[in-house]
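Please read the structure below before turning to the comments.
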Amino acid sequence: MKMTYVKRSIITAVCIALCVVLPMAFHSVKNAGSIFAPMHIPVLLCGLICGAPFGLLCGIIGPLLSSLFTGMPPAAILPAMMVELAAYGLFTGLFMQIVRTKAVLADLYISLVAAMLCGRVLAGAAKALIFSAGKYSLTVWATSYFVTSLPGIIIQLALVPAIVFALQKARLIPLRYPEAICK
Amino acid sequence: MPVELENVSYTYASGTPYETEALENMSLKIKDGEFVGVMGHTGCGKSTMIQLIAGLLVPSEGKVLLDGNDINAKGYDRSVLRRNVGIVFQYPEYQLFETTVEKDVAFGLKHSGLDRGEVSERVRWALEIMGFSFDSIRNQSPLSLSGGEKRRVAIAGVLAVRPKIVIFDEPIAGLDPLGREAFLKLISDLNEDGTTIITVSHNADSMAEYAKRIIVLDSGRLIMDGKTRDVFSDVKRMEELRLGVSQPRLIADMLSKRGFEMPRDIVSCGELVSAIKERLIGGGCP
Amino acid sequence: MSRLPTGQYIYGESPIHLIDARAKLLSFILLIAAVVLASSFAGYAAVFCFTAALLWISRLPLGTALGAIRRLWLFFFVIFLMNAFFFEAENPIFSWWIFRLSYGGIAQGANVVLRVALLMALSSVLTCTTTPMDMTSALQSLMKPLKIIRVPVEDVAMIISVAIQFIPTLLEETDMIKKAQTARGARFESRSLRHKAECVIPLVIPIFISAFRRADELSTAMEARGYRGAKNRTKRKKEPLKARDLAALFISAAICAVQFCFR
Chain A
610 MKMTYVKRSI ITAVCIALCV VLPMAFHSVK NAGSIFAPMH IPVLLCGLIC
660 GAPFGLLCGI IGPLLSSLFT GMPPAAILPA MMVELAAYGL FTGLFMQIVR
710 TKAVLADLYI SLVAAMLCGR VLAGAAKALI FSAGKYSLTV WATSYFVTSL
760 PGIIIQLALV PAIVFALQKA RLIPLRYPEA ICK
Chain B
3 MPVELENVSY TYASGTPYET EALENMSLKI KDGEFVGVMG HTGCGKSTMI
53 QLIAGLLVPS EGKVLLDGND INAKGYDRSV LRRNVGIVFQ YPEYQLFETT
103 VEKDVAFGLK HSGLDRGEVS ERVRWALEIM GFSFDSIRNQ SPLSLSGGEK
153 RRVAIAGVLA VRPKIVIFDE PIAGLDPLGR EAFLKLISDL NEDGTTIITV
203 SHNADSMAEY AKRIIVLDSG RLIMDGKTRD VFSDVKRMEE LRLGVSQPRL
253 IADMLSKRGF EMPRDIVSCG ELVSAIKERL IGGGCP
Chain C
130 MSRLPTGQYI YGESPIHLID ARAKLLSFIL LIAAVVLASS FAGYAAVFCF
180 TAALLWISRL PLGTALGAIR RLWLFFFVIF LMNAFFFEAE NPIFSWWIFR
230 LSYGGIAQGA NVVLRVALLM ALSSVLTCTT TPMDMTSALQ SLMKPLKIIR
280 VPVEDVAMII SVAIQFIPTL LEETDMIKKA QTARGARFES RSLRHKAECV
330 IPLVIPIFIS AFRRADELST AMEARGYRGA KNRTKRKKEP LKARDLAALF
380 ISAAICAVQF CFR
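Structure below.
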């Protein structure tokens with residue numbers, strides 16, 4: 610199986626669709642949406658699987674379409690969310706390309722953690738610039754990014770690699786180190 | 003454990019411009035050990051009906067009673083419902099997610115309070131009933147199995163809970179004729195062991211072979227309900243509804259029209275063959 | 130049956146509803162610029178009156194259109210207080226520990242709150258009067274200039290259309306998976322955080338597998354038919370902008386220009 614340009618494009622399209630669908634699926638499960646941020650997952654996966662440009666696209670278009678079709682996120686926080694998610698998609702893709710430890714799980718975790726950090730820094734910076742009214746904002750937003758979203762971070766770190774492995778087992782995406790299996 | 007619908011109505015998207023009534027004032031009682039076939043066209047309300055019975059939808063009006071208790075009443079212990087009513091959707095293989103087959107089949111037993119040995123026993127039983135060798139399949143990933151195997155594992159996951167009532171939604175769609183036979187045999191074995199079976203199907207032939215009672219729905223209403231032979235003897239009405247009746251029933255009718263007198267209650271293949279045999283021997287075949 | 134969600138869109142036939150989505154989107158961008166640039170009383174007044182006029186002309190039910198602003202009143206209040214008390218002004222009216230209430234701060238707080246509220250009202254007018262479908266096709270045509278920086282605009286447009294087509298299918302499938310797992314004993318309705326977390330994997334993994342399977346089928350079919358990129362596809366011809374669309378653009382540009390006049 611090869612990840613062709615067309616295949617990457619269509620997987621990206623599906624991930625964008627999931628950015629709209631997943632938050633709706635968890636909408637009825639009380640508080641789940643705010644706890645584990647379902648829209649992050651397709652974006653992170655798209656970056657990991659399809660690469661940086663596709664991940665970037667997914668991170669920009671996903672929240673935009675979701676906002677258009679479901680009204681979530683509301684327009685007021687949409688720009689900051691687009692910056693954050695675009696950074697996730699971009700950096701997971703970039704780090705997946707750079708990091709090659711010969712162990713898939715290690716690659717995944719390094720890329721995910723690095724991308725989550727970069728995304729939060731970028732989104733924080735963007736927010737500080739948009740709400741540039743005073744010095745307080747940066748601290749407020751920085752703590753909110755790491756403290757209140759902690760359960761979400763943990764769930765994402767557990768879930769995203771699990772999904773990657775499940776997709777590999779279902780032979781829907783190629784193995785990262787096929788030679789390792791053959792031995 | 004009888005299940006009962008009491009004047010149940012269900013409206014989709016109520017309060018929006020897309021409001022549609024999927025089920026209208028339906029009353030129905032299914033007793034222990036029945037094998038009920040549900041027939042009707044797409045959009046007739048049959049999947050709404052089975053989802054109401056399984057407690058996955060809440061009726062807009064009326065009650066769904068399981069063993070006499072309203073399953074949507076406040077304070078009703080839903081785990082009783084989950085333990086006793088299993089539902090196999092049209093593509094059950096899509097619900098697989100665990101890392102091994104054993105874990106996936108055991109998912110439904112997580113909150114059952116059974117100890118590990120019992121859980122493992124149940125999983126073995128369910129997988130073996132579905133035609134697997136437990137020891138060779140238990141550690142495989144359910145996701146890398148073939149399509150047919152996936153479906154069987156998923157069904158094992160529903161059966162492992164040992165529900166008293168099992169609902170199947172188009173269970174044989176997409177199976178080859180051999181797979182169909184094997185599968186229907188399995189369902190009827192379960193039924194013989196006392197499990198109530200409710201199955202939705204378009205396939206009049208397989209319904210004629212296995213179901214003891216047929217329910218026909220049309221635009222959200224229950225329009226026919228009776229023993230399989232009685233429902234299928236009304237050939238004209240079934241044709242009007244574009245549902246048709248079983249082939250053996252049609253053949254018997256054709257033979258009758260040609261002067262080869264046949265009983266009017268033939269629905270299954272076996273009945274047709276033995277009736278013909280009887281006629282030929284009794285009537286003195288040349 | 131699942132259908133495409135319609136988002137905020139409220140059906141109507143007002144002049145605002147009828148403006149071409151491309152013109153509406155561009156006007157929206159101009160008006161946002163006006164809000165961001167506004168720094169004088171006259172400038173604010175112009176944008177404020179214009180936004181109010183838009184709401185009136187569009188005949189939207191105000192409760193729905195401005196619902197988001199009403200729901201976020203606490204957020205606005207906190208922003209206002211923070212600005213009012215932490216603004217570093219020369220002569221505070223009142224100061225205690227780290228709190229310094231000042232006129233400058235109050236003005237700054239009101240400024241920020243008004244700005245955000247205006248932005249929200251404007252985006253409400255846009256999303257309530259334009260269907261999501263029109264909006265995405267407008268976005269696709271407004272992306273064209275990105276070609277200059279070598280963004281494969283046609284491919285992006287194709288990806289967006291495919292994504293939209295997938296939404297109803299995936300919604301329906303998600304609903305089915307959720308029901309199947311509920312019947313197997315997943316406790317989506319439970320209040321406990323642990324039960325909720327336990328539900329995530331049985332729901333999300335099947336959803337992704339089913340979505341990727343569909344992606345796999347579609348991309349294989351596309352490649353089998355020799356699809357190599359969206360560049361050579363025939364495109365539907367876009368309608369040209371009408372007089373009212375140009376008028377909308379012109380007025381928005383004027384409101385934006387006003388901000389430069391009163392600085």
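Here the protein sequences line up with chains A, B and C, keeping their order. Under our numbering, think of the first position of the first sequence as 610, with each following residue one higher. Under our numbering, think of the first position of the second sequence as 3, with each following residue one higher. Under our numbering, think of the first position of the third sequence as 130, with each following residue one higher. Here a beta-carbon is modelled for each residue, glycine too, at the ideal position from N, C-alpha and C.
Just how far apart, CA to CA, sit tyrosine 78 of chain B and leucine 67 of chain B? Looking at the two C-alpha atoms, the distance is approximately 11 Å.
Between which residues of its own chain and glycine 196 of chain B is the CB-CB distance below 6 Å, once the five residues before and five after are set aside? Within the same chain, glycine 196 of chain B has close Cβ partners Gly35.
Just to confirm before moving on: does the CB-CB distance between methionine 272 of chain C and isoleucine 293 of chain C stay below 9 Å? No, these two residues do not count as a Cβ contact at 9 Å.
Own chain residues within Cβ distance below 6 Å of arginine 266 of chain B, not counting five before or after: Within the same chain, arginine 266 of chain B has close Cβ partners Ser235.
Extent of the continuous alpha helix (DSSP H) to which aspartate 137 of chain B belongs: Secondary structure note for aspartate 137 of chain B: its alpha helix (DSSP H) is the uninterrupted segment 136 to 139.
Thinking C-alpha only, which one of B:Ile216, B:Glu194, B:Met132, B:Gly222 is nearest alanine 156 of chain B? When only C-alpha atoms are compared, the closest one is B:Met132.
Chain-order list of residues whose beta-carbon lies under 8 Å from that of threonine 208 of chain C (same chain, five-residue window excluded): Reading the sequence as shown, one finds isoleucine at residue 208 of chain C and not threonine. If we look at isoleucine 208 of chain C and ignore the five residues flanking it on each side, its Cβ neighbours are Gly238, Val241, Val242, Val245.
Compute the Euclidean distance between the alpha carbons of proline 662 of chain A and leucine 699 of chain A, then round it to the nearest angstrom. Taking the Cα positions, proline 662 of chain A is about 6 Å away from leucine 699 of chain A.
If we ignore side chains and look at the alpha-carbon of each, how far apart do valine 629 of chain A and glycine 671 of chain A end up? Looking at the two C-alpha atoms, the distance is approximately 7 Å.
Three or more beta-carbon pairs under 8 Å between the stretch 193 to 213 of chain B and the stretch 156 to 174 of chain B, yes or no? Touching, yes, given that three or more Cβ pairs across the two stretches are closer than 8 Å.
Expected contact under 8 Å - CB spacing of threonine 701 of chain A and leucine 674 of chain A to nearest Å: Actually they do not touch by this definition, with Cβ atoms about 20 Å apart.
Would you call the CB atoms of threonine 621 of chain A and cysteine 667 of chain A closer than 9 Å? A contact, by the Cβ cut-off of 9 Å.
Compile a chain-ordered list of the residues in the stretch 107 to 126 of chain B whose CB is closer than 7 Å to at least one CB of chain C. Going along the stretch 107 to 126 of chain B in chain order, one finds Phe109, Gly110, Lys112, His113 with a Cβ nearer than 7 Å to chain C.
Leaving aside the five residues before and after alanine 377 of chain C along the sequence, list all residues of the same chain whose C-beta is less than 6 Å from its C-beta, in chain order. By the criterion of a C-beta distance shorter than 6 Å, alanine 377 of chain C is surrounded in its chain by Ile148, Ala152, Ser156, once the five residues flanking it on both sides are discounted.
Do you know offhand how far glycine 88 of chain B's Cα is from leucine 657 of chain A's? In this structure, the CA atom of glycine 88 of chain B is about 37 Å from the CA atom of leucine 657 of chain A.
Using the beta-carbon of each residue, which ones in chain C are nearer than 7 Å to methionine 633 of chain A? Within chain C, Leu300 have C-beta atoms less than 7 Å from the C-beta of methionine 633 of chain A, given in sequence order.
Closer than 9 Å by beta-carbon distance: list the chain C residues that pair up with glycine 159 of chain B, in chain order. Per Cβ cutoff of 9 Å: Arg313.
Consult DSSP for serine 270 of chain C and reduce its assignment to one of helix, strand or coil. Here DSSP, grouped into helix, strand and coil, assigns serine 270 of chain C to helix.
Assuming alanine 344 of chain C and valine 623 of chain A make a contact with CB atoms under 8 Å, what is their CB distance in whole Å? The pair is a contact, with the Cβ atoms about 4 Å apart (cut-off 8 Å).
Endpoints, the alpha helix (DSSP H) within which asparagine 212 of chain C is located: From DSSP, the alpha helix (DSSP H) with asparagine 212 of chain C extends over 202 to 215.
Quick one: is glutamine 706 of chain A buried, meaning 16 or more other Cβ sit within 10 Å of its Cβ, or exposed? Note on glutamine 706 of chain A: under 16 other CB atoms within 10 angstroms of its CB, so exposed under the neighbour-count rule.
Which first and last residues belong to the beta strand (DSSP E) in which alanine 24 of chain B is found? Start and end: 22 to 32.
Hey, how far is the Cα of leucine 768 of chain A from the Cα of isoleucine 330 of chain C? So the two alpha carbons sit approximately 7 Å from each other.
Reduced DSSP category for aspartate 236 of chain B - H, G, I as helix; E, B as strand; rest coil: Coil at aspartate 236 of chain B, not helix or strand.
Find the residues of chain A that neighbour proline 331 of chain C, judging by a C-beta separation of less than 8 Å, and give them in chain order. Going along chain A, no residue has its Cβ under 8 Å from proline 331 of chain C, so there is no contact; the nearest lies around 11 Å.
Would arginine 251 of chain B be called buried (16 or more neighbouring beta carbons within 10 Å of its own) or exposed? Arginine 251 of chain B is buried by the Cβ-count criterion.
Rounded to whole angstroms, how far is the Cβ of lysine 31 of chain B from the Cβ of glutamate 95 of chain B, which I believe are closer than 8 Å? The beta-carbon distance between lysine 31 of chain B and glutamate 95 of chain B, rounded to whole angstroms, is 33 Å. This is too long to meet the 8 Å contact definition.
Is the beta carbon of valine 103 of chain B less than 9 Å from the beta carbon of arginine 164 of chain B? No.
With the cut-off set at 9 Å, would you say lysine 778 of chain A and serine 143 of chain B are in Cβ contact? The answer is yes: Cβ separation under 9 Å.
Could you name the residues of chain B that alanine 778 of chain A contacts, counting a contact when the two beta carbons are closer than 9 Å? At residue 778 of chain A the sequence reads lysine, which differs from the alanine that was named. Thr101, Ser143, Pro144, Leu145, Ser146, listed in chain order.
Please list, in chain order, all residues of the same chain as phenylalanine 214 of chain C whose beta carbon is under 6 Å from its beta carbon, the five residues on each side excluded. Close CB contacts of phenylalanine 214 of chain C within its chain, under the 6 Å cut and outside five residues either way in sequence, are with Phe228, Leu230 (chain order).
Rounded to whole angstroms, what's the CA-CA distance from phenylalanine 185 of chain B to serine 618 of chain A? Just pull it up for me. Phenylalanine 185 of chain B and serine 618 of chain A: Cα-Cα distance of roughly 40 Å.
CB contact below 9 Å: isoleucine 334 of chain C versus chain A: At a cut-off of 9 Å between beta carbons, isoleucine 334 of chain C contacts chain A.
Give every residue of the same chain whose Cβ lies closer than 8 Å to the Cβ of cysteine 46 of chain B, excluding the five residues on either side of it in the sequence, and list them in chain order. Excluding sequence neighbours, cysteine 46 of chain B sits near Leu219, Asp220, Ser221, Gly222.
Output the distance between the C-alpha atoms of alanine 382 of chain C and leucine 160 of chain C, rounded to the nearest integer angstrom. Roughly 8 Å separates the two Cα atoms.
Does any C-beta atom of chain C lie closer than 9 Å to the C-beta of arginine 164 of chain B? Closer than 9 Å: no.
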